[in-house]
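Notes follow once the structure below has been shown.
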Amino acid sequence: MSHGQNVIVIDHPVVQTKLTELRDKTTDHREFRALLDEIASLMVYEVTRDWPTKPQPVQTPLEQTTGRVLARKVTLVPILRAGLGMADGVLKLIPEARIGHLGVYRNEKTLEPVSYYQKLPPDIAQSEVLLIDPMLATGGSGAAAISVLKKAGVVGMKFVCLVASPEGIAAVHKIHPEVPIYCASIDRGLNEKGYILPGLGDAGDRIFGT
Ligand code: PRP
Ligand code: URA
Numbered sequence: 004m005s006h007g008q009n010v011i012v013i014d015h016p017v018v019q020t021k022l023t024e025l026r027d028k029t030t031d032h033r034e035f036r037a038l039l040d041e042i043a044s045l046m047v048y049e050v051t052r053d054w055p056t057k058p059q060p061v062q063t064p065l066e067q068t069t070g071r072v073l074a075r076k077v078t079l080v081p082i083l084r085a086g087l088g089m090a091d092g093v094l095k096l097i098p099e100a101r102i103g104h105l106g107v108y109r110n111e112k113t114l115e116p117v118s119y120y121q122k123l124p125p126d127i128a129q130s131e132v133l134l135i136d137p138m139l140a141t142g143g144s145g146a147a148a149i150s151v152l153k154k155a156g157v158v159g160m161k162f163v164c165l166v167a168s169p170e171g172i173a174a175v176h177k178i179h180p181e182v183p184i185y186c187a188s189i190d191r192g193l194n195e196k197g198y199i200l201p202g203l204g205d206a207g208d209r210i211f212g213t
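Heads up: the sequence shown at position 5 corresponds to 8 in the working numbering, and the numbers run straight through without jumps.
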């Protein structure tokens, strides 16, 4: 499952089956949204595996005992727009999570990230943070988003994507080597327009039908 330093590929057979369906160009936006939602739930189960827990007393119908619960609050930060496509799937497993939003789009000519919106919970620094975006292509958007989160004081964050390129992983880790990257696939590379190959096309357009 692990792939080099601080990159974890979730190669679970059920995740891979759904990813293959997502890649299929004949999958329409309704089906695409449903699959992405399901994959996000499956991935977050693995991503959260090493989070600390704390003891919590609980009264069962029979007796008093001590259970365990997540030690820290959780904040999801989808990168708009496409990250929104994974948020509901994550929330199914962690419904108490707060949600921050980061608007970043790629300038289609320069491929440089343009940050246009930020709204984060005030106590985000004290929480576990999952930054989510299905595509890690050149890495510009992800690296910029991580910088924003660091400025907000976040220390414990993980970057959850679906499909990553080797170039994107290298670019993010050049600036933020300590942030673990989780994905379901590391694809071959990028084309001249910065699209991941073989990839799945433009994730935002496929989710929202634009
Ligand atoms: C896509 C994707 C990532 C970014 C990845 O968003 O969702 O945010 O591109 O590319 P990068 O690694 O080269 O920065 P896009 O810019 O298409 O915006 P959208 O989600 O609003 O469609
Ligand atoms: N953004 C996408 O949505 N898809 C890519 O392949 C690259 C960037």
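Think of the CB as a built atom: it goes at the ideal place given N, C-alpha and C, for glycine as much as any other residue.
Contacting residues, own chain, Cβ-Cβ under 7 Å from residue i (five flanking each side not counted)
| i | result |
| --- | --- |
| Leu73 | Trp54 and Thr56 |
| Ala155 | Leu123, Ile127 and Ala128 |
| Thr68 | Val61 |
| Gly159 | Glu131 and Val132 |
Residue i and residue j closer than 8 Å at C-beta
| i | j | result |
| --- | --- | --- |
| Thr213 | Gly204 | no |
| Val77 | Gly103 | no |
| Ser222 | Leu134 | In the structure as shown, the chain begins at 4 and stops at 213. Residue 222 is therefore absent and cannot be evaluated. |
| Leu193 | Glu170 | yes |
| Lys161 | Tyr185 | yes |
| Ile82 | Ser144 | yes |
| Val175 | Val157 | no |
| His179 | Ala146 | yes |
| Ile13 | Glu66 | no |
| Ala187 | Ile42 | yes |
| Val166 | Gly202 | yes |
Straight-line gap, residue i to residue j (C-alpha atoms, nearest Å)
| i | j | result |
| --- | --- | --- |
| Gly86 | Gln59 | 33 Å |
| Lys95 | Ser44 | 7 Å |
| Pro125 | Arg75 | 15 Å |
| Ile97 | Thr113 | 37 Å |
| Gln8 | Pro64 | 46 Å |
| Ile210 | Arg33 | 8 Å |
| Val47 | Pro116 | 26 Å |
| Tyr108 | Arg52 | 30 Å |
| Thr29 | His15 | 23 Å |
| Arg101 | Ile149 | 17 Å |
| Glu99 | Asp27 | 33 Å |
| Val18 | Lys177 | 28 Å |
Proximal residues to residue i (C-beta, below 6 Å), its chain only, five neighbours per side dropped
| i | result |
| --- | --- |
| Asp91 | Asp40 |
| Leu38 | Lys21, Glu24 and Leu25 |
| Tyr120 | Gly106 |
| Arg84 | Gly207 |
| Val93 | Ala43, Val47 and Leu79 |
| Arg191 | Leu200 |
Sequence-distant residues of its chain with Cβ nearer than 8 Å to residue i (five each side left out)
| i | result |
| --- | --- |
| Glu111 | Lys196 |
| Ala173 | Gly142 |
| Glu181 | Asn9 |
| Tyr198 | Ala140, Gly204 and Asp205 |
CB-CB length for residue i against residue j, believed under 8 Å
| i | j | result |
| --- | --- | --- |
| Pro183 | Cys164 | Not a contact, Cβ separation roughly 11 Å. |
| Arg36 | Gly88 | 6 Å |
Segments assigned beta strand (DSSP E), at least 3 residues, entirely inside the stretch 59–134: 67–73, 77–83, 104–109 and 116–122
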